[in-house]
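Undergrad: Pasting in a structure now, in structure tokens, and then I'll have a few things to ask.
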Amino acid sequence: MKKLIFALFVLASLLEAKFFIGIESGGSYSQYVENQDSLNKSNQGRRGSVYGVYIGANLGTEHYFARDSMLFRWFVGAGGDVRVGYGDLNLGIDFMGTLYKNETSAFGLFLGIEMSTTLIGESSDFGGHVRAGMSTMLGSHHRFELYYRMLLGGFQEEQYYQIGNEPYGSTTFTYYRHYQRSDAVILAYKYVF
618 MKKLIFALFV LASLLEAKFF IGIESGGSYS QYVENQDSLN KSNQGRRGSV
668 YGVYIGANLG TEHYFARDSM LFRWFVGAGG DVRVGYGDLN LGIDFMGTLY
718 KNETSAFGLF LGIEMSTTLI GESSDFGGHV RAGMSTMLGS HHRFELYYRM
768 LLGGFQEEQY YQIGNEPYGS TTFTYYRHYQ RSDAVILAYK YVF
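Sequential numbering from 618 applies to the sequence shown in our numbering.
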């Protein structure tokens with residue numbers, strides 16, 4: 618009987634949920650360390666920064682409570698930095714508080730967490746981001762957001778390339794570039810069904 622009541626509760630909450638699909642884009646900032654390995658002697662190379670463009674898409678559901686002044690949402694998405702050359706798969710949750718609401722629009726602030734895993738690259742690392750931003754709902758279907766996504770930790774991607782030709786007697790140098798995943802400022806649009 619308890620399982621039936623729980624299943625009805627879950628079904629009712631999904632029926633009350635509003636589904637959304639969204640796109641997002643923004644500027645990102647990544648740091649890297651480049652190491653050189655020559656004849657198995659590794660040395661610390663240079664450090665640098667790369668500015669890139671983040672592009673992504675997501676879908677999920679929104680759940681309103683507290684007389685529609687609070688919002689909980691979850692989402693899954695995919696995105697990547699086109700300059701650095703990585704892609705990731707995301708799963709996240711946000712909590713939003715509505716600061717202003719009238720018949721045609723609403724404005725609020727949100728805070729959330731996003732966990733990601735790498736899709737492209739030689740490593741498949743796992744890490745997370747904190748998301749904080751503002752959201753404006755226009756009409757009943759159009760949500761615009763501006764937020765900052767800050768790295769929690771754990772992301773690195775390794776790229777390498779070789780210079781040299783051993784069969785002809787020259788030394789082979791292998792360069793390793795370790796990217797730390799980027800923080801980003803993102804503008805997003807979500808269509809809410």
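The C-beta atom is built at its ideal place from N, Cα and C for all residues, glycine as well.
Predicted model, so just to flag it, every value in this text is computed and none were measured.
(1) Start and end of the beta strand (DSSP E) containing Gly694?
(2) Is it buried or exposed for Thr734, if we count other Cβ within 10 angstroms and need 16 for buried?
(3) May I have the straight-line CA-CA distance separating Phe712 from Leu763, to the nearest angstrom?
(4) When you compare each of Ala624, Leu676, Ser645 and Tyr765 to Ile807 by their alpha carbons, which one comes out closest?
(5) Enumerate in chain order the residues of its own chain whose CB-to-CB distance from Ala674 is below 8 angstroms, with the five nearest sequence positions on each side excluded.
(6) Please report the residue range of the beta strand (DSSP E) in which Phe682 lies.
(7) Would you check if the distance between the CB atom of Gly669 and the CB atom of Val699 is smaller than 8 angstroms?
(8) Could you check where the beta strand (DSSP E) with Ala723 kicks off and where it finishes?
(9) CB-CB under 7 angstroms to Met754, same chain, minus the five flanking residues each way: which ones, in chain order?
(10) Any idea if Tyr703 is buried or exposed, counting beta-carbon neighbours within 10 angstroms, 16 or more meaning buried?
(11) Taking the CB atoms as reference points, tell me whether Met687 and Gly709 lie closer together than 8 angstroms.
(12) Using only the heavy atoms of the ligand SAM, determine whether one of them is closer than 7 angstroms to the beta carbon of Val747.
TA: The structure says:
(1) Met687 to Asp698
(2) exposed
(3) 15 angstroms
(4) The residue asked about is misnamed: residue 807 is Lys in this sequence, not Ile. Per the Cα distances, Leu676.
(5) Ile638, Gly639, Ile640, Glu641, Gly694, Ala695 and Gly696
(6) Segment Arg664 to Phe682, the beta strand (DSSP E) holding Phe682.
(7) Between Gly669 and Val699, the gap from beta carbon to beta carbon is short of 8 angstroms.
(8) Ser722 to Thr735
(9) Taken in chain order, the residues that qualify are Ser722, Ala723 and Arg760.
(10) buried
(11) One thing to note: Met687 has its Cβ no nearer than 8 angstroms to the Cβ of Gly709.
(12) As far as ligands go, the structure on display features none, and thus does not contain the ligand SAM.
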